[in-house]
Each structure stands twice: as structure tokens, then as C-alpha cells.
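In full-length UniProt numbering, the protein residues as written are 1 to 225. Every residue gets a Cβ at the ideal spot worked out from N, C-alpha and C, and that includes glycine. What you are looking at is a predicted structure, and each value in this text was computed from that prediction instead of being measured.
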Amino acid sequence: MRKLVIAIDGPAGAGKSTVAQIVAERLEYTYIDTGAMYRAVTLFVLRKNISVCDVEAVSRLARESEITLAYEKGKTRVYLNGEDVSEAIRMPEVSRMVSHVALIPAVRQAMLKLQRQMAARGGVVMDGRDIGTQVLPNADIKVFLTASIEERAKRRWQELTSKGIAIDLEELKEEIACRDRMDCERETAPLIKAPDAVLIDTTGLSIEGVVQEILKLCEERRKFV
Ligand code: CDP
Ligand code: CDP
Numbered sequence: 001m002r003k004l005v006i007a008i009d010g011p012a013g014a015g016k017s018t019v020a021q022i023v024a025e026r027l028e029y030t031y032i033d034t035g036a037m038y039r040a041v042t043l044f045v046l047r048k049n050i051s052v053c054d055v056e057a058v059s060r061l062a063r064e065s066e067i068t069l070a071y072e073k074g075k076t077r078v079y080l081n082g083e084d085v086s087e088a089i090r091m092p093e094v095s096r097m098v099s100h101v102a103l104i105p106a107v108r109q110a111m112l113k114l115q116r117q118m119a120a121r122g123g124v125v126m127d128g129r130d131i132g133t134q135v136l137p138n139a140d141i142k143v144f145l146t147a148s149i150e151e152r153a154k155r156r157w158q159e160l161t162s163k164g165i166a167i168d169l170e171e172l173k174e175e176i177a178c179r180d181r182m183d184c185e186r187e188t189a190p191l192i193k194a195p196d197a198v199l200i201d202t203t204g205l206s207i208e209g210v211v212q213e214i215l216k217l218c219e220e221r222r223k224f225v
């Protein structure tokens with residue numbers, strides 16, 4: 001039986017990575033978190049003290065970034081040039097800067113190439129902003145997850161607080177709204193629902209409820225592949 005390719009897009013905090021990871025586990029597929037890749041490049045830029053305005057230098061760093069994703073003990077680990085940066089890429093400084101880095105076309109080009117290589121063998125669940133539209137336009141299943149900004153900010157706040165990262169809820173809401181705006185309005189590969197993607201509003205939905213909806217779509221699709 002051919003393994004499916006599943007693309008999940010949507011704004012920050014919609015539940016993409018949580019849901020994508022569970023779907024991948026249930027189907028025994030590989031989960032690919034493309035946001036983590038943009039975050040890894042951003043961390044590299046921050047560490048090198050390069051300004052995001054220096055497009056040439058940032059693009060060069062993106063091309064030099066050796067990013068690998070590994071699945072260990074039920075969690076995705078992210079490696080940047082051999083170093084485990086899984087925790088570092090979630091820090092607020094990275095979140096604030098990542099959308100500025102992600103709008104640079106050469107950065108996107110470098111990530112797109114890596115992402116397509118990662119998905120080449122099929123049996124993948126990939127999440128991000130442009131997966132259904134640019135990275136895997138022929139995906140078997142496309143899902144666009146969303147939720148109200150209040151709910152998304154609250155979810156992210158709870159997540160960070162539980163990890164001991166103190167952040168003001170209003171400030172976080174503002175940061176997420178600003179990131180959404182940048183992601184939706186950029187010229188290259190903006191965040192937009194692919195015409196053939198299934199829209200799921202996860203406001204008020206449980207994680208398992210969303211997982212079940214996607215698994216149902218997979219079952220339906222199976223009848224035709
Ligand atoms: O987890 P969260 O929703 O906060 O964000 P993420 O998935 O880690 O992505 C971080 C940022 O990377 C996004 O806000 C986008 O600017 C960028 N990104 C992108 O441009 N394209 C993707 N396919 C994935 C992420
Ligand atoms: O990847 P994305 O930014 O879209 O969201 P996420 O990191 O998967 O989810 C953000 C937080 O919301 C996580 O702590 C999830 O456990 C939680 N979540 C939720 O409470 N209800 C859902 N239906 C989906 C996610």
C-alpha cells in the first residue's frame with residue numbers, strides 16, 4: 001500500500017505540530033516540523049549577531065545550516081550543525097525574529113529543497129505555512145488548521161508557562177498576531193489555505209477530536225490511492 005503524504009498548514013498555535021505528531025505516530029509515518037527548521041536558521045542568525053536586514057549574510061547562513069530532525073522518545077529533536085537546539089529554538093527571542101528571517105526568498109529556497117528531500121519517500125506528515133501551496137502541492141491530503149487568536153495565544157501561554165518560561169499573555173497575543181500578519185502578507189510563499197485544503201477550526205476542539213478528523217480524511221483518501 002502506498003504511503004500517503006499529508007500537508008498541514010495554519011497560523012501559530014492552531015495545534016499543527018501537536019496534531020501532526022500524533023497522526024504520524026498512529027500511521028507510523030515521519031513527522032516533519034518545518035517551523036523548527038526556520039527557527040533553527042533564526043537561532044543561527046541570532047548567535048552570529050547578524051542583522052536580519054543583511055539579506056546576503058542571512059541567506060548564506062541558511063545555505064550553511066545543516067538541519068536534521070530526529071524522533072527520539074516520542075519527541076522531535078532538532079539539530080543545527082550537529083548541536084541539539086530543540087529547546088533553544090523555542091525561546092521568545094527566536095519567536096520574535098523568525099518571521100523576519102522566513103520572508104527572505106533565498107532562505108525559503110534553501111528550506112524548500114531540504115523539505116522536499118525529507119518528504120521524497122512518502123509516509124510523511126509535514127506541517128508549516130506553505131506546505132500545501134508550495135512545498136508539497138501534490139500532497140494526498142491537505143489540512144488547514146486554525147483557531148481564534150485568543151485561544152491560540154492562551155494555548156501557547158500555557159505551554160510556555162508550564163516549561164517555566166515567563167511571558168505576559170497580552171504580549172504573546174501581540175507577538176502571534178504580528179507573526180501571523182507577516183506570514184500572511186509576505187510575497188514569497190505566504191500563509192494561505194490551498195484551494196484543495198480541508199479547513200478545520202480547532203477553537204473548542206480537543207486534540208483527539210482534530211486527530212480523528214484527519215485520520216478520517218486519510219481513510220477516505222485510501223479508497224483512491
Ligand atoms: O509553532 P509556531 O506555530 O509558533 O511556529 P512554527 O511552526 O515554529 O513556525 C515559526 C515561523 O516560521 C512562522 O511564524 C513562519 O514565519 C515560519 N515558517 C514559514 O515561513 N514556513 C513554514 N513552512 C514554517 C514556518
Ligand atoms: O504547531 P502550532 O503552533 O500550530 O500549535 P501547537 O504547538 O501544536 O499547539 C499549541 C498548544 O496548543 C499545545 O500546547 C497543544 O497542546 C495545545 N492544543 C490544544 O490545547 N488543543 C488543540 N486542539 C490543539 C493544540
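Measuring only from the beta carbon, is GLU159 closer than 7 Å to any heavy atom that is part of ligand 2?
yes
Can you check which of these residues, ILE149, ARG39, MET1, is closest to ARG90 by C-alpha distance?
ARG39
Measure from the alpha carbon of THR188 to the alpha carbon of each residue in CYS53, ASN81, GLN109, then state which is nearest.
GLN109
Between the alpha carbons of THR146 and GLU64, how many angstroms are there, rounded?
33 Å
Determine the extent of the beta strand (DSSP E) in which ARG60 is found, giving its start and end residues.
That residue, ARG60, is in no beta strand (DSSP E); its alpha helix (DSSP H) goes 55-64.
Ligand 3 and ARG2: does any heavy atom of the ligand fall closer than 7 Å to the residue's C-beta?
Judged by which ligands are present, ligand 3 is missing from the structure shown, whose ligands are ligand 1 and ligand 2.
Would you mind reading off the limits of the beta strand (DSSP E) that contains PHE144?
141-146
Given a cut-off of 8 Å on the beta-carbon distance, is the pair SER51 and ALA106 in contact?
no
Residue closest to ALA25, alpha-carbon to alpha-carbon, out of GLN212, LYS223, ALA14
In the sequence as presented, Ala is not what sits at residue 25; that position holds Glu. If we check each option's Cα against that of GLU25, GLN212 comes out closest.
For ligand 1, I want to know if VAL52 counts as a neighbour, meaning its beta carbon is within less than 7 Å of at least one of the ligand's heavy atoms.
no
Just to check, is the beta-carbon of SER99 closer than 7 Å to a non-hydrogen atom of ligand 1?
yes
Within this structure, are the beta carbons of PRO11 and ARG152 separated by less than 8 Å?
yes
For ALA62 and VAL41, which I take to be in contact (beta-carbon distance under 8 Å), what is that distance rounded to the nearest angstrom?
5 Å
Run the proximity test for ALA166: is its beta-carbon closer than 7 Å to any non-hydrogen atom belonging to ligand 2?
no
Buried or exposed, going by whether 16 or more other CB atoms sit within 10 Å of the CB of MET126?
buried
Could you tell me which of THR34, PRO137, GLU150, PRO190 sits nearest to LEU114, measuring between CA atoms?
THR34
Report the three-state DSSP secondary structure of ASP196 (helix, strand or coil).
coil
Have a look at the DSSP bridge pairing and note the partners of LEU69.
VAL78
From LYS223, THR203, PHE144, TRP157, residue whose alpha carbon lies closest to that of ILE192:
PHE144
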